[in-house]
Amino acid sequence: MNDIAKHHWWQKAVFYQIYPRSFADGNDDGIGDFAGMISRLDYLQQLGVDAVWLSPHYPSPYVDCGYDISDYQGVAPEYGKMHDFRQFLDGLHQLGMKLVLDLVLNHTSDQHPWFIESRSNRHNPKRDWYIWKDGKEGQPPTNWYSTFGGSAWEYDKLTSAYYYHYFFKEQPDLNWRNPAVKEAMFNVARFWLDMGVDGFRLDAIGTIFEDENYPPIPDGMSQEELYRLARNTQNPEADEKVLSYWARMYRYQSDQPEVHHLMKELRILLDEYEDRVLIGETDDLAFYGDGNDELHLNFNFPLMRTQRLTAKHVRKNQQERLAALPVYAWPCNTLGNHDSARVYSRYGDGENNPTIARLNLMLLLTLRGTPFLYNGEEIGMSDLIIEDPGRFRDPLSLLYAALDQKVMGSDKKTATLTGAMMGRDRNRTPMQWMDAPHGGFCPADIEPWLPVNSDYHTGINVNAQEKDPGSLLNFYRALIKLRKQSPTLQTGAYEEIDAGNDEVLVFRRWDGSGSYIVALNFSDALQRAYLPDNPGMNIFSNIPNSAGWETGALPLLPYQGVIFSQERTVDKHSGKGFGR
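Residue numbers for the sequence shown, in our numbering: 1 to 580.
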């Protein structure tokens, strides 16, 4: 028998990230809001997801797209009021879904009342709630960099001192060595937990503490030189040289040992509530603690740090990741979010994107661990490269454009393109609901906060795909349904199978109630997986065909995935020629 009853809801769930500004506009002002989200609760239920991760909904000057918070216990007025939030939360719960909020611990907005008090004078009781230092001979206290460019220290004329910011200067870092800060932020967590929120996704947890001695960065590569190196690297996210220099540059500003003590304390707080979850924006397995005393989940980001998913890459990732997990820790996999290129654009080859998108979902929903999806990927939304810098809403786009001109010598047009591609507006554009102006996100005479991708005209919208049995949306619904029907796919063991072909990934998910064989061809050519035994009944594929196991060999079409099962408790799902 399967011991699924022993597992927590967050181990079995499919999570769905909502970027609130872009999901659904309920009051026709061009900005997503809670009224819009409430109107789409049935859509979430029909998709089949179990939990929503909601990006920041708090009041914010919106310098860093909502991650600069000016009130941790409020709702941004453009999103609605607190009763709208409660209605959304209650609506999710009534439909059997959970809600996890983004919680930003590292910093506040410079418009937060705490910081306004802190900067008012050197003797204010909240002065030590942030990190203030005197300069050295007219220069910042240290040579530390902000990860968003320039010095990590901002001079404040009012008190003739510098404050520290790891991100933008409008996001001053909190001083977590002050017990009053910890008490105030833990009270924020209790506020939302008492309301019934099911947990938190913790933003940027690695940067909460800094080396308290504030040593200088050793002489080495400058931030501009590192940018040049990264720009000249094919895949900077995974390039060992780039990562090494990055780690050296920020060695005193991240992953300090104190953060693990803080996570243990926060976990104790969370455990006072029934079955809540802590998820961290990190891939560092150390944040699992012993598997029971820090985070419940952290992301397997190395899985997505590749320009092309291959069997070799996934195989290596799973071998290393699963072997390194603490005994009681649970895996967590994703291929995209609000900070990265959309999966349809990132991993597609330009010719077989619809098939590859289905293959990638088959991977994500059958690997061992909790999967996270990002709104819009279920209809094949792709990155929108905004060519007019006047429409940029992410300040990082402007930063990268300026850097490209200064460091790489690019002309304005090239630099603008670089800014658009390296910024985050491209993957945060409004959800495309129908073939109507602005994709049905807002009325035709209202300009949405970000442009809508015009491909909503070509069937990349919810309404069109709901009517098409073979659409990508219905493929998502069918595969999520299959996963929900099978305890084995949710919580069963994972075992890699040697298929005698490096281009094909084959693995088994099994437990006492049955087993599945998953075979995925990540190449653009016909491949054969060599299996000693019949893998069972073909119950699901992204490419329907009559081919099957042939006495030791399984033929797989380019980018084809097949799920075989010995379980008798699940329905057989035909690929049915699922289109985009």
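Positions of the beta carbon are idealized from the N, C-alpha and C atoms, including for glycine.
Secondary structure note for Lys98: it is in no alpha helix (DSSP H), and the uninterrupted beta strand (DSSP E) holding it is 98-104. In the three-state DSSP reduction, Gly91 falls in the helix class (H, G or I). DSSP places Ile356 in the uninterrupted alpha helix (DSSP H) bounded by 353-366. Its chain contains no residue whose beta carbon lies nearer than 6 Å to that of Asp455 once the 5 sequence neighbours on both sides are disregarded. A distance below 8 Å separates the beta carbons of Leu278 and Leu266. Straight-line spacing of the CA atoms in Asp28 and Cys442 works out to 5 Å. Taking C-beta atoms under 8 Å as the contact rule, Gly380 and Ile460 qualify, at a distance of about 6 Å.
Per DSSP, Pro302 is one residue of the alpha helix (DSSP H) stretching across 301-304. Two segments are said to touch when three or more pairs of C-beta atoms, one from each, lie closer than 8 Å; by this definition the stretch 218-230 touches the stretch 398-413. DSSP assignment within the stretch 364-391 yields the following whole beta strand (DSSP E) runs of 3 residues or more, N-terminal first: 370-374. Nearest to Ala324 by alpha-carbon distance, out of Gly291, Val75, Gly348, Gly350, is Gly291.
Counting along the chain, Val518 sits inside the beta strand (DSSP E) bounded by residues 514-521.
The stretch 344-362 makes no contact with the stretch 483-493: fewer than 3 CB pairs, one atom from each, lie closer than 8 Å.
Secondary structure of Leu325 (DSSP, three-state): coil. Under the three-state reduction of DSSP output, Ile563 falls in the strand class. The Cβ atoms of Tyr374 and Asn337 lie closer than 8 Å to each other. Under a 10 Å Cβ-count criterion, Lys264 is classified as exposed, with fewer than 16 other Cβ atoms of the shown protein chains found around its own Cβ. Put simply, the stretch 292-300 touches the stretch 330-347. At least three CB pairs are less than 8 Å apart. DSSP, reduced to helix, strand and coil, places Ala420 within a helical segment of the structure shown. Taken through DSSP and simplified to helix, strand or coil, His107 comes out as strand. Ala230 and Trp246 have their alpha carbons spaced roughly 10 Å apart. Between the stretch 180-190 and the stretch 154-172 there are fewer than three C-beta pairs closer than 8 Å, too few to call the two in contact. If you draw a 10 Å sphere on the C-beta of Ala420, you find 16 or more other C-beta atoms in it, and that means buried. In the three-state scheme derived from DSSP, where H, G and I count as helix and E and B as strand, Phe148 is classed as coil.
In this structure, the beta-carbon distance from Val314 to Leu505 falls below 8 Å.
Nearest neighbour of Asn178 by Cα position, chosen from Val462, Asp468, Asp128, Gln111, turns out to be Asp128. A direct Cα-to-Cα measurement between Val327 and Gln318 gives close to 15 Å. In the structure shown, the three-state DSSP call for Thr551 is coil. For Glu224, the enclosing alpha helix (DSSP H) begins and ends at 223-231.
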